[in-house]
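A.B. asks: Just so you know, the sequence shown maps onto residues -20 to -1, 1 to 154 in mature numbering (1 follows the signal peptide of the UniProt record, and there is no 0).
Virtual Cβ for every residue (Gly too), placed ideally from N, Cα, C.
Computed from a predicted structure; not experimentally measured.
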Amino acid sequence: MKWTSVVGATLLVTPLVSHATTYLTTEQAKQVIFPHQTLIQHNIQLTKDQEKKLKELSGITYPLKTDQIFKTKEGDWLIIDQVLGKHEMITYAVGIKANGSIKQIEIMEYTETYGAQVRNASWRDQFVGKTSNSAITLGKDIQNISGATLSSKHITDGVHRIMGLYAMELKSLK
């Protein structure tokens, strides 16, 4: 019997373990961040130059999905984005007040085995009040979480990218 047959048979009977946890759906995130407000989806089309600027600003090389952007009649924004943790994607939502400051950040789905401490309110609250003009840098303006370094960094970079999107495009859509 070849060793590849043994390995193949073992893989067939070994369960695949997944740590994916969904904490909030899109509708739940809307209600948590902007309770009792109606949010209307906005379809935004970024130019290649805008995409390039967002990549340069945040260091995130994959494009921002622009199909999860919502606005209230008061001028508040909710943007749902994904960033890479260590190996898996993290889905999060950023609420931006009409004045351009961050109202709240929520982790909607976390699939990594480690690093879920980014869900702690005390860590997420560091972003509250930041604007597109604020420094948003892990280790300087935002504290790193030991054991969740990549998740912390990538969420921080993602929030920086979202605030860049706000300054570049959303701010003018009042």
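Would you tell me roughly how many angstroms separate the C-alpha atoms of I125 and Q97, rounded to the nearest one?
C.D. replies: Going by the C-alpha atoms only, they are around 7 Å apart.
A.B. asks: Measuring CA to CA, which of I135, K120, L130 and M143 is closest to K110?
C.D. replies: Of the candidates I135, K120, L130 and M143, the one whose C-alpha sits nearest the C-alpha of K110 is M143.
A.B. asks: Please list the terminal residues of the continuous beta strand (DSSP E) segment that includes Y42.
C.D. replies: That residue, Y42, is in no beta strand (DSSP E); it is neither H nor E in DSSP.
A.B. asks: Excluding sequence positions up to five away, which residues of its chain have a Cβ less than 8 Å from the Cβ of E92?
C.D. replies: Contacts found: H(-2), G65, K66, H67, E68, I70 and S131.
A.B. asks: From D105 to Q123, what distance separates their C-alpha atoms?
C.D. replies: Looking at the two C-alpha atoms, the distance is approximately 11 Å.
A.B. asks: Considering only the beta carbon of each residue, do G80 and S112 sit closer than 8 Å?
C.D. replies: It is a contact, given that the beta carbons lie within the stated cut-off.
A.B. asks: Is the segment 16 to 26 touching the segment 49 to 62 in the sense that three or more CB pairs, one from each, lie closer than 8 Å?
C.D. replies: These segments touch.
A.B. asks: Going straight from the alpha carbon of I24 to that of L58, what length do you get?
C.D. replies: Near 13 Å, if we compare the C-alpha coordinates of L58 and I24.
A.B. asks: Skipping 5 residues on each side, what residues in its chain have a beta carbon closer than 8 Å to that of T(-7)?
C.D. replies: Any reading at T(-7) is ruled out, since the residue's pLDDT is 48, under 50, leaving its predicted position unreliable.
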